[in-house]
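Below is one structure, written out as structure tokens, with a few remarks after it.
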Amino acid sequence: MVLDIIKSRRSIRRFLDTPIPPEILQELLEAAQWAPSGSNNQPWAFVVVQEPASVRKVKMFSPGLGGVPAALLIVCSDHSREDTTAIMDVSMAAQNVMLVATDKGLGSCVVRSHNPKALQTLLELPADVVPELIVALGYAVKPARNPGRRPIEELVHWEQYGGQPGEQ
Ligand SMILES: Cc1cc2nc3c(=O)[nH]c(=O)nc-3n(C[C@H](O)[C@H](O)[C@H](O)COP(=O)(O)O)c2cc1C
4 MVLDIIKSRR SIRRFLDTPI PPEILQELLE AAQWAPSGSN NQPWAFVVVQ
54 EPASVRKVKM FSPGLGGVPA ALLIVCSDHS REDTTAIMDV SMAAQNVMLV
104 ATDKGLGSCV VRSHNPKALQ TLLELPADVV PELIVALGYA VKPARNPGRR
154 PIEELVHWEQ YGGQPGEQ
């Protein structure tokens, strides 16, 4: 069930050496490809980094990236396309990837803490293509602790802000 996958996804920051099978990687990329985007503009580009030396280099410029993932998906906005919704679009693509990864038994972690300028140079990205998020991917050393969420009653408002369920 999709909700079970959503709830069981955890941010993983320690990975085994085990590589990701190419057919699974392909499915993760299709999950990104099929994310919704404003007006279907698809203002994104995805860079797969798997070479161990390249993963290490990306890590040097990404203080928020934990462990040594088997693969990195660098999720970029592409400002050469209509881009008013680009940040939202790439976020949805990243989430799609992580949910399919969870379904396939892979760990993942989305990382914002990186140096975009350094990654642009390292990955030879055109000026319009900006790395927004890194999705770290690999098999987890061990399951992550569930950090929990705020209670649903605190987040959800019925009909108007502060409204309780069943109130008119
Ligand atoms: C926009 C965004 C940026 C994040 N950046 C980082 C990061 O730089 N490094 C990291 O280890 N985790 C990062 N995370 C993961 C969060 O820390 C994590 O989702 C949160 O603690 C909840 O844990 P869970 O994903 O296991 O439910 C980021 C998450 C989001 C949504």
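Quick note on the numbering used here: the sequence shown kicks off at 4 and runs consecutively.
We put the CB at the ideal spot given by N, CA and C, even for glycine.
### Task
Would you decide whether M63 is buried or exposed? Buried here means 16 or more other CB atoms lie within 10 Å of its CB.
The count along the sequence shown starts at 1 and reaches residue 63 at position 60. With fewer than 16 other Cβ atoms within 10 Å, it is exposed.
#### Entry: Around ligand 1, Cβ to any heavy atom closer than 6 Å, ordered along the chain
The set, ordered by position in the chain, is R13, S14, R16, G67, G69, C112, V113, V114, R115, S116, A147 and P150.
### Selected residue, minimal CA-CA separation from D92, among I155, M4 and E135
Translated into positions along the sequence shown, residue 92 becomes position 89. It is E135.
### Message
Suppose contacts are defined by Cβ-Cβ distances below 7 Å. Is V138 in contact with L68 by that definition?
### Response
The count along the sequence shown starts at 1 and reaches residue 138 at position 135. The count along the sequence shown starts at 1 and reaches residue 68 at position 65. In this structure, L68 does not lie closer than 7 Å to V138 by Cβ.
### Message
At 4 residues or longer, what runs of the alpha helix (DSSP H) sit wholly inside the segment 76 to 146?
### Response
Counting whole runs of 4 or more residues, the segment 76 to 146 contains the alpha helix (DSSP H) stretches 89 to 106 and 119 to 125.
### Query
From the DSSP output, which residues share a beta bridge with W161?
The sequence position of residue 161 within the sequence shown is 158, counting from 1. Under the DSSP definition of a beta bridge, W161 lacks any partner.
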